[in-house]
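Taking mature numbering (1 follows the signal peptide of the UniProt record, and there is no 0), I'd label the letters of the sequence shown as residues -19 to -1, 1 to 536. Every residue, glycine too, gets a C-beta built ideally from N, C-alpha and C.
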Amino acid sequence: MKHKLTLLLGLFFLLSAFTADKPVITIFMIGDSTMADKSLTGGNPERGWGQMLPGYLSEEIRVDNHAVNGRSSKSFIDEGRWEKVISQVKKGDYVFIQFGHNDEKSDPKRYTAPGTTFDENLKRFVNETRAKGGIPVLFNSIVRRNFGTADGNKLIDTHGAYLDSPRNVAKELGVAFVDMNKVTHDLVEGMGSVESKKLFMWVPANQVAAIPKGREDNTHLNVYGGRVVAGLAMDAIAKEVPELAKYVRHYDFVVAQDGSGDFFTVQEAIDAVPDFRKNVRTTILVRKGVYKEKIVVPESKINISLIGQEGAVLSYDDYAQKKNCFGEEKGTSGSSSCYIYAPDFYAENITFENSSGPVGQAVACFISADRVYFKNCRFLGFQDTLYTYGKDCRQYYEGCYIEGTVDFIFGWSTAVFNRCHIHSKRGGYVTAPSTDRGQKYGYVFYDCRLTADEGVTEVYLSRPWRSYAQAVFIRCYLGKHIVPAGWNNWGKKEAEKTVFYAEYESTGEGANPKARAPFSHQLKSIKGYEIETILAGNDGWNPVKNGNELLDIKR
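Below is the structure:
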């Protein structure tokens, strides 16, 4: 009963680690095209700054963007769009309000006057939001890129009194106000007439399918402009609404399938990292989605931190017997979904998956890099899921989930698995280390839980891929699927004299020290097996102590 309770609690904590709480706060956005989500059809590069905002917020915040091209405060109300938004607002939600560009239009369906009808509409948004227990925030319009002449160095205002109405209403009603016009004015004027084109929809002809004739647009932002303006906006919002500051995140790059990032694929983001960027980390956020791509982190892309939101999966379906373009089998090493060669790589909340199924060797992640740290990641596959390939390389896994069937953790590297969940999907072998002769450590499992699918039996802790294999399990919970002998010699009787297989204070139905294979050891002490000692090497690497530096997100 005690072991069953331990297992249930462990499963609860595992699920908690990989399932974020549902968003407790929603930011509703209402406004015009400069804020709106844009179509991605035909490679359209236009983005509203509100479309890019999710890449600057933690997952406790959900952004629901209702801004629409061409709408004024009047037409947004008259078309029933405001009614749809306000009906969803709950206590504690935010409503970001930005109109002005189209309220200036002479079209009677859109026109409002600053000081009268425009102000009245803004007040309605504010008052009705508050009546629902929501928190309104007013914004004025972003600047138009209008230098007057090609060589001008001062922006010319085009919005007039429409910039003042949100400020005045905010002051009158005691509402937070974000001066987006000043934020973008300083940005655009600071960049200058020529450089600032990079922010806007200046697209040459015959380059983008969505805009075959090209476009010179000084109002609407492109991908780069949308990301930059959203980042500045989020910083300004945090100052005016301090309650939101704790949710702000800044990443160097964002990958998102919905167009809210710099790139659509993870490989594009990795390729964009400067080669050998020393003494600083490049942070990449991977937003929710299954990214089916074969990923390579080359040796020159050092110091990368890859951070996933809930549901960020890197997946591919190669396997050892699959043929390459020359008709040759890819082999085990060629089957991996992800390859990591660059040192000082850090990954958090990422799922690495080989989706090819039970077809023999099919690697989810291949690591040939030193000082690699995985936190709360998942490694999904069957045979040969996780390949710790690099000799003289150190790897640290914290709170990770690793599943497979045969030899699903294997290779040469020194690797520590701390508080991880190791799950067998069929009978087989959890590990197959190929530790080199003279190497001080192989695999060390600290406070891990070993479980299996229902009905799975005949699982061994390890078998030696090479004769000097090392694997040590310290204070691990071992399910009943682990055979009494615990360890297997892979038919290599001579390897029993050279391997080092050991346990310390194993628990669970699979813990059976008296029945263990005679060539294994039950440690009386774990002196020398401290995590910082195992991973120290010649440079004193200590991921447990310095883990926060690896994240390096500007908050």
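Item	Value
Do F99 and N56 count as a contact pair if the criterion is CB distance below 8 Å?	The sequence given here places Ser at residue 56; Asn does not occur at that position. No, Cβ-Cβ distance for S56 and F99 is not below 8 Å.
Considering Y427, what are the terminal residues of the beta strand (DSSP E) in which it resides?	424 to 427
Are the CB atoms of N83 and G114 within a distance shorter than 8 Å?	no
By the DSSP assignment, the beta strand (DSSP E) with F158 in it spans what residues?	157 to 159
Please report the straight-line C-alpha distance between E477 and A492, rounded to a whole angstrom.	21 Å
Alpha carbon to alpha carbon, how far is S241 from V472? Give it in angstroms, no decimals.	The sequence shown places Gly at residue 472, not Val. For G472 and S241, the distance between alpha carbons rounds to 54 Å.
Tell me the rounded alpha-carbon separation between V480 and W468.	11 Å
Starting from K55, trace the alpha helix (DSSP H) in both directions and tell me its first and last residue.	54 to 59
Below 8 Å on the Cβ atoms is my contact criterion, and I expect G419 with R400 to pass it. Report the Cβ-Cβ distance as a whole number of Å.	Not confirmed; about 29 Å, so no contact.
When you compare each of P524, E224, K372, L34 to G207 by their alpha carbons, which one comes out closest?	L34
Terminal residues of the continuous alpha helix (DSSP H) containing F106?	98 to 112
Please list the terminal residues of the continuous beta strand (DSSP E) segment that includes A250.	Segment 247 to 253 is the alpha helix (DSSP H) holding A250; no beta strand (DSSP E) there.
Just how far apart, CA to CA, sit Q522 and E280?	It should be noted that the sequence gives Trp, not Gln, for residue 522. Taking the straight line joining both Cα atoms gives about 19 Å.
Consult DSSP for T264 and reduce its assignment to one of helix, strand or coil.	strand
Between D198, Q69, N108, which has its C-alpha nearest S14's C-alpha?	D198
DSSP has W183 in a bridge; who is on the other side?	E197
In terms of residues, what are the limits of the alpha helix (DSSP H) holding D216?	204 to 221
Kindly indicate which three-state DSSP category residue 588 falls into: helix, strand or coil?	Residue 588 lies beyond the range of the chain shown here (-19 to 536); nothing can be said about it.
In terms of alpha-carbon separation, which member of Y143, N203, F234, V159 lies closest to N25?	N203
Is the Cβ-Cβ distance between A343 and G362 less than 8 Å?	yes
Rounded to the nearest angstrom, what separates E60 and T200 at their Cα positions?	24 Å
Measure the beta-carbon distance from S177 to N134 and round it to whole angstroms, keeping in mind my assumption that it falls under 8 Å.	That pair is no contact at about 11 Å.
Just list the residues that DSSP pairs F234 with in beta bridges.	I265
State the start and end residues of the unbroken alpha helix (DSSP H) segment that holds L136.	Run containing L136: none; DSSP gives neither H nor E here.
Is the segment 455 to 467 in contact with the segment 484 to 502, if contact means three or more CB pairs nearer than 8 Å?	yes
How should F257 be labelled, buried or exposed, when 16 other C-beta atoms within 10 angstroms of its C-beta is the threshold for buried?	exposed
Helix or strand or just coil, what does DSSP make of I512?	helix
Please name the residue, chosen from S448, S337, G385, A498, that lies closest to K273 on a Cα-to-Cα basis.	S337
May I have the straight-line CA-CA distance separating E85 from R268, to the nearest angstrom?	37 Å
Looking at the unbroken beta strand (DSSP E) that takes in S405, where does it start and where does it end?	402 to 414
Report all residues from its chain with a CB closer than 8 Å to the CB of F347; omit the five preceding and five following residues, and keep chain order.	S314, S317, C319, Y320, I321, Y368, Y370
Using a threshold of 8 Å, state whether the C-beta atoms of R91 and S53 are closer than that.	yes
Is it true that the segment 429 to 440 meets the segment 513 to 520, where meeting means three or more beta-carbon pairs spaced less than 8 Å apart?	no
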